[in-house]
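Quick notes on the structure that follows.
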Amino acid sequence: MYRTTEIISDGTKNPPLEGGEAGDFIINVGPQHPATHGVLHLVITLNGETIKKVEPHLGYIHRSIEKMCESLTYRQFIYVTSRMDYLSSHINNHACAMCVEKGMQIEVPARARVIRILMDELTRIASHELWLGAMAMDLGAFTPFFHTFREREMINEIMEDTCGARLTMNYMVPGGVMQDIHPDFQRKVKDFVKQFQRKIGEMDEIVTGNTIFQNRMKGVGIITREDAISFGCTGPVSRGSGVSSDTRKLFPYEGYENIEFDEVIETGCDSFARYMIRIREMQQSIRIIEQLIDNIPEGDFQAKTKAVLKLPKGDFFQRVETARGQFGVYIVSEGGTTPYRIKFRSPGFSNLSILDHIARGSKIGDLVAMMGTLDLVIPDIDR
Amino acid sequence: MFSLADISKTIDTWLRLHLNDTWTLVVEMVIAGVSVIGLFAVLGLVLVIMERKVSAWIQIRLGPNRVGPKGMFQSLADTVKLLVKEGLTPDGADKFLFNLAPLIAIVVAMLLMAPIAFAKNFQLWDMNIGVLYITAVSSIMVISVLMAGWASNNKYSLLGAMRSGAQIVSYELSAGLSIIAIVILTGSLSFNEIVQSQADGWWIFKGHIPVIIAFVIFIIAATAETNRAPFDLAEAESELTAGFHTEYSGMKFALFFLAEYVNVFIVCAIGATLFLGGWMPFHIGHWDAFNHVMDFIPSSMWFFGKTFFLIFLIMWFRWTFPRLRIDQLLNLEWKYLLPISMFNILLVTAMAILKWHF
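As they're listed, the protein sequences go chains A and B.
According to the numbering used here, the first sequence is numbered sequentially starting from 27.
According to the numbering used here, the second sequence is numbered sequentially starting from 937.
See below:
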């Protein structure tokens, strides 16, 4: 008999986990594991290859960002939010900047608004490109990773020119953007759009059309419409289950109401539907960029604001659509220069909560595929 | 003209001049052993650098390019690194089995070298049951994997080993059945005779569609038997970190690594021998001039060329396909490959009896 419940070093019996039975085969996936893409810790109870239970343990990268924000001014706290969901740092910054603008009633210049949307959509594409490569790698195919990173690198270069950063952008400030776009911005974005449209077919050939890939994705990790709503799934995860949840459509902000694009919804409910959502979302983002790139209005890139920002007494909320779903900022102000309390509603946390529900009864390999399509970013979950 | 057979013959006659028969045999065995170990080392180095270059080429990057010209000595540097690394044995591992497993892996790979015909009249041991020997010895491979997984006292390793056990045992069936197709056509289990039977055309050309089916099934089963992607479930990096060799480090890990690559070489060599004519040059019917030109290429070049072509094919699979799930893997074998190969055997047998092949 294999030693499933023994601690070998001192010979004592390992008591079964809470709710488990003696003899359960328990493995720890993470905090250091290639499939978790970060320091997520999953305690998995197995019956052979079949999963009986998944228990996520959080807190390995908890930096207490919400508490930190309470001692930072309204200009400073935005920079911390780049470190939450580091793959959509622009969009996080955007939400915080908008929330402060809402409180201060700052009118953002038209040029800044368009730049912000362009940056958001480029970020969304970069995030989805990284997800696509990482997810293919979870399924055991290494090559797509390098191909998607080629395109992502182009976006990173565009960001580097304008923001001076590649990951933690800190480009959006209350009142607009930190500085004007680089003279090369429009040309490089157009180059990227051309390159992207040429290469997205390649990904279809190597990933989407692959039989093994489809077998691994279809009918796996089913999230029904009801489950998606009751677990509070957002973003591509909920849209893959047929729930309309695009904040850009439902609660338009920053001029998204004037832009033509479709909310992508699939009704497959499985991993493949979530995969297709993200592929099609990238194409929608390209559509948005194409509409705006030649129509960036002239004018200021930042509104004139006071040196010290003070929000009036009250509470303010702003939500945006990040690459992973709905991201919310809730600020309670006592009228001072720092927030009294800040709460971030991060999409990753609610998407992770459904993992146990969908993973039960499936195989270990499927768990990895499911985590791939939930697109978890751990610092976003822990904050 | 350069030929491995001539060299071996020269050595043999020279030895027989100076020594009696028994001592000649002893010295020749030592030479054979040393050359197998040498071939092992060279194969390991060449195949690792080849894999890295092929993957780099597929993944639009350069690959190793710092050590030596175009990074050709990279795997040499890696070997030195692995040699000087500490080989840890984890606490609570079954020390004896833990250390024995990599040895078994490497010994099995060495044993498989015996009946392979590397060139014309150049073979370590032309046994009359070569094919049977290969299928029998390669089954021992699974024991080393199971042993490594169990003795590591690591749950990931155990899962990897169990997967590997299920996988290798299943895929051996269809690999064996596709090999039998050629045995039926040739009527012999000896590698030498199988190669000789392809003098007027390789089996893949002579054997019509049934042999092509057998060849495809053999390549799939060979990929699965050597635990390579898309069938690398025993290692499954993103699921089981490194599967059965999670706990191995230093030279013990290197032995597994080496055994994997040598096994790839061996299955490809077997595939090349059975289906692509081994060291037989490429001949077309009565084009005598063409055939004569082809004969000028040394037989060892033909053998290694075909083998490396198949190795490239298997590497190409690895860097293109995602991994299968364990149940899909077993479904593929038991529901598709095995019934197809069984039916295929019937076709091949009918073809052999009615002499429909060329």
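All C-beta atoms in this analysis are idealised placements derived from N, C-alpha and C, irrespective of residue type, glycine included.
* Asked: Measuring CB to CB, does residue 1203 (chain B) end up less than 7 Å from residue 1158 (chain B)?
  -> Yes.
* What is the DSSP secondary structure of residue 402 (chain A), reduced to helix, strand or coil? -> Secondary structure of residue 402 (chain A) (DSSP, three-state): coil.
* For residue 1168 (chain B) and residue 1295 (chain B), the rounded distance between their alpha carbons -> Chain B is shown only over 937 to 1294; residue 1295 (chain B) falls outside these bounds and no answer can be derived.
* Cβ neighbours of residue 407 (chain A) in the same chain (closer than 7 Å, five flanking residues each side left out) -> 84, 372, 374, 375, 378
* Measuring only between beta-carbons, confirm whether residue 167 (chain A) sits less than 7 Å from chain B. => yes
* Asked: Helix, strand or coil: how does DSSP classify residue 953 (chain B) here?
  -> helix
* Output yes if chain A places a C-beta closer than 7 Å to the C-beta of residue 1210 (chain B); else output no. => no
* Contained alpha helix (DSSP H) runs [length at least 4] in the region 278-342 of chain A, N- to C-terminal order -> 297-319
* **Outcome for residue 1086 (chain B) when other beta-carbon atoms lying within 10 angstroms are tallied against a minimum of 16** => buried
* Asked: Comparing the C-beta of residue 216 (chain A) with each C-beta of chain B, is any distance below 7 Å?
  -> no
* If you draw a straight line from the C-alpha of residue 405 (chain A) to the C-alpha of residue 350 (chain A), how long is it? -> 13 Å
* **Between the CA atoms of residue 95 (chain A) and residue 89 (chain A) - distance to the nearest angstrom** => 11 Å
* Determine the direct distance from the alpha carbon of residue 288 (chain A) to that of residue 272 (chain A), and round the result to whole angstroms. => Cα to Cα, residue 272 (chain A) sits roughly 10 Å from residue 288 (chain A).
* Could you name the residues of chain A that residue 994 (chain B) contacts, counting a contact when the two beta carbons are closer than 7 Å? => 169
* Asked: Is the region 1238-1249 of chain B touching the region 52-68 of chain A, taking contact as three or more C-beta pairs under 8 Å?
  -> The region 1238-1249 of chain B, when compared against the region 52-68 of chain A, does not touch it at the 8 Å Cβ threshold.
* Can you tell me the Cα-Cα spacing of residue 1102 (chain B) and residue 1266 (chain B), whole angstroms? -> 8 Å
* Asked: Hey, how far is the Cα of residue 250 (chain A) from the Cα of residue 388 (chain A)?
  -> 16 Å
* Asked: Anyone know if the C-beta pair for residue 258 (chain A) and residue 300 (chain A) falls short of 7 Å?
  -> no
* Asked: Of the choices B:953, B:941, B:979, B:1051, whose alpha-carbon is the least far from that of residue 1065 (chain B)?
  -> With distances taken between Cα atoms, residue 1065 (chain B) lies closest to B:1051.
* Asked: Are residue 231 (chain A) and residue 139 (chain A) touching if we call contact CB-CB under 7 Å?
  -> no
* How far does the beta strand (DSSP E) with residue 359 (chain A) in it reach, from first residue to last? -> Membership of residue 359 (chain A) in the beta strand (DSSP E) is indicated by the continuous run 351-359.
* Limits of the beta strand (DSSP E) - the one that residue 55 (chain A) falls within -> Note, residue 55 (chain A): beta strand (DSSP E), 51-55.
* To do: For the beta strand (DSSP E) containing residue 183 (chain A), list its first residue and its last residue.
  => Careful: residue 183 (chain A) lies outside any beta strand (DSSP E), inside the alpha helix (DSSP H) at 169-189.
* With C-beta atoms as the reference, is residue 1211 (chain B) less than 7 Å away from residue 1279 (chain B)? -> Contact annotation: residue 1211 (chain B) and residue 1279 (chain B) have beta-carbon atoms that are not nearer than 7 Å.
* Asked: So, is the C-beta of residue 60 (chain A) closer than 7 Å to a C-beta in chain B?
  -> yes
* Asked: Got a sec: is the Cβ-Cβ distance from residue 1259 (chain B) to anything in chain A below 7 Å?
  -> yes
* Taking the C-alpha atoms as reference points, what is the distance between residue 1121 (chain B) and residue 1284 (chain B)? -> 7 Å
* At what residues does the alpha helix (DSSP H) containing residue 1131 (chain B) begin and finish? -> 1127-1132
* Asked: Is the Cβ-Cβ distance between residue 1071 (chain B) and residue 1123 (chain B) less than 7 Å?
  -> no
* What does a CB cutoff of less than 6 Å around residue 367 (chain A) pick up in its chain, not counting 5 residues either side in sequence? -> 358
* Check whether the Cβ of residue 1269 (chain B) lies closer than 7 Å to any Cβ atom in chain A. => Cβ-Cβ to chain A under 7 Å: no for residue 1269 (chain B).
* **Reduced DSSP secondary structure (H/G/I, E/B, other) of residue 244 (chain A)** => Residue 244 (chain A) falls in the coil class under three-state DSSP.
* Asked: Hey, residue 206 (chain A) and residue 327 (chain A) are a contact pair by Cβ (cut 8 Å); roughly how many whole angstroms apart?
  -> Their Cβ separation, rounded to whole angstroms, is 5 Å, which keeps residue 206 (chain A) and residue 327 (chain A) in contact under 8 Å.
* To do: Measure from the C-beta of residue 78 (chain A) to each C-beta in chain B and report whether the shortest distance is under 7 Å.
  => For residue 78 (chain A), no CB of chain B lies under 7 Å from its own CB, so it is not counted at the interface with that chain.
* **Rounded straight-line distance, which links the Cα of residue 1001 (chain B) to that of residue 177 (chain A)** => 24 Å
* Within 7 Å, strictly: CB atoms of residue 941 (chain B) and residue 1058 (chain B) -> Yes, the pair counts as a contact, with Cβ atoms nearer than the cut-off.
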